[in-house]
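These protein sequences, in sequence, are chains H and G.
All letters in the first sequence, in the order written, are residues -9 to 103 by the working numbering.
All letters in the second sequence, in the order written, are residues 35 to 149 by the working numbering.
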Amino acid sequence: SQQGEEDPQALSIQEGENATMNCSYKTSINNLQWYRQNSGRGLVHLILIRSNEREKHSGRLRVTLDTSKKSSSLLITASRAADTASYFCATDPYTGTASKLTFGTGTRLQVTL
Amino acid sequence: GAVVSQHPSWVICKSGTSVKIECRSLDFQATTMFWYRQFPKQSLMLMATSNEGSKATYEQGVEKDKFLINHASLTLSTLTVTSAHPEDSSFYICSARHRGVETQYFGPGTRLLVL
Chain H
-9 SQQGEEDPQA LSIQEGENAT MNCSYKTSIN NLQWYRQNSG RGLVHLILIR SNEREKHSGR
51 LRVTLDTSKK SSSLLITASR AADTASYFCA TDPYTGTASK LTFGTGTRLQ VTL
Chain G
35 GAVVSQHPSW VICKSGTSVK IECRSLDFQA TTMFWYRQFP KQSLMLMATS NEGSKATYEQ
95 GVEKDKFLIN HASLTLSTLT VTSAHPEDSS FYICSARHRG VETQYFGPGT RLLVL
């Protein structure tokens, strides 16, 4: 399977704490993307990091990418109850119109009050 | 901007019937659309990729005669589940991308229950 692995599978933290999720993948990539999915809903694009980038920030999100280890991490700082969702990484080889995303297994994040 | 809609949001049908799901890009032209399937508490699995005006490319293991995909315009793609069976019950999600843009925009999904 070409699907990436995410770690941990589930994470439960208290509001205000930081949450870190890790993603490992197998193939060469052009970029790696992180998505959030609330229960029973579609996916929301969070952040895209390109293969020549090592770190990227967006609000309370921080993403790192290590192409030598084929891994990425997503850090959510000062978590809120509204951050409760499943988080997926997706790798994109981006070969033009033929390009397609391969999703990781996902991390289910639960933020409690 | 970059809104993708799906219709219906949920559908219940009897075994043996066919179900059509629509995916529309509302404010951009989608040169490529993707159809995914997601089982409970699992990840998204790509079923097929469709480019406007051409036949869809199916992933290995996905029956093209069972899951008919039509991408007739730059804003609309349809997935028809033919002769649906209970094992086809799942959450179907589409996404759309414009040529030259890396980001895919996802629809809200369609939950299919086959009785």
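Here a beta-carbon is modelled for each residue, glycine too, at the ideal position from N, C-alpha and C.
Every value quoted in this text rests on a predicted model; they were computed, and no experiment measured them.
Under the three-state DSSP convention, the category residue i falls into
| i | result |
| --- | --- |
| G/Ala130 | strand |
| H/Ala68 | coil |
| H/Ser(-9) | Any answer about H/Ser(-9) is weak, because its pLDDT of 44 lies below 50 and its placement is not dependable; what the coordinates show is given next. H/Ser(-9): coil per DSSP, three-state reduction. |
| H/Asp56 | strand |
| H/Asp82 | strand |
| G/Asp122 | helix |
| G/Asp61 | coil |
Residues that residue i contacts on chain H, provided the C-beta gap is smaller than 8 Å
| i | result |
| --- | --- |
| G/Ile127 | Gly32, Leu33 |
| G/Gly143 | Gly30, Arg31, Gly32 |
| G/Ser107 | Chain H residues near G/Ser107: none, gap ~17 Å exceeds 8 Å. |
Closest Cα partner of residue i within the set the options
| i | options | result |
| --- | --- | --- |
| H/Asn12 | H/Asp73, H/Val101, H/Lys59 | H/Lys59 |
| G/Ile103 | G/Gln63, G/Tyr126, G/Pro120 | G/Tyr126 |
| G/Glu136 | H/Pro(-2), H/Leu38, H/Asp(-3), H/Leu64 | H/Leu38 |
| G/Leu4 | G/Ala118, G/Gly141, G/Gln138, G/Thr114 | Here chain G covers residues 35 to 149 and nothing more, so residue 4 of chain G does not appear. |
| H/Asn20 | H/Ala71, H/Ser41, H/Ala68, H/Val53 | H/Ser41 |
| G/Phe101 | G/Ser123, G/Phe140, G/Ser77, G/Gln138 | G/Ser123 |
| H/Pro83 | H/Ile3, H/Asp(-3), H/Glu7, H/Lys16 | H/Lys16 |
Chain G contact residues for residue i, given Cβ-Cβ distances below 8 Å
| i | result |
| --- | --- |
| H/Asp(-3) | Correct list: empty, because the minimum Cβ distance to chain G is about 14 Å. |
Cβ of residue i within 7 Å of any chain G Cβ
| i | result |
| --- | --- |
| H/Gly6 | no |
| H/Asn21 | yes |
| H/Ser(-9) | Confidence at H/Ser(-9) is low in this model, with a pLDDT of 44, below 50, so its placement is unreliable and the value that follows should be read with caution. It does not; no Cβ of chain G falls within 7 Å. |
| H/Gly96 | yes |
Cβ-Cβ separation, residue j to residue i (assumed contact under 8 Å), whole Å
| i | j | result |
| --- | --- | --- |
| G/Cys128 | G/Val37 | At roughly 12 Å, the Cβ-Cβ gap does not stay under 8 Å, so G/Cys128 and G/Val37 are not in contact. |
| G/Gly141 | G/Gln72 | Their Cβ separation, rounded to whole angstroms, is 12 Å, which puts G/Gly141 and G/Gln72 out of contact at 8 Å. |
Listed by chain order, chain G residues near residue i by CB distance under 9 Å
| i | result |
| --- | --- |
| H/Leu1 | Those do not exist, as H/Leu1 stays about 14 Å from chain G at its closest Cβ, beyond 9 Å. |
Neighbouring residues, chain G, relative to residue i (Cβ below 7 Å)
| i | result |
| --- | --- |
| H/Asp82 | Glu136 |
| H/Lys90 | Phe68, Leu80, Thr83 |
CB contact check: residue i to chain H, cutoff 7 Å
| i | result |
| --- | --- |
| G/Thr114 | no |
| G/Phe101 | no |
| G/Phe140 | yes |
| G/Ser77 | yes |
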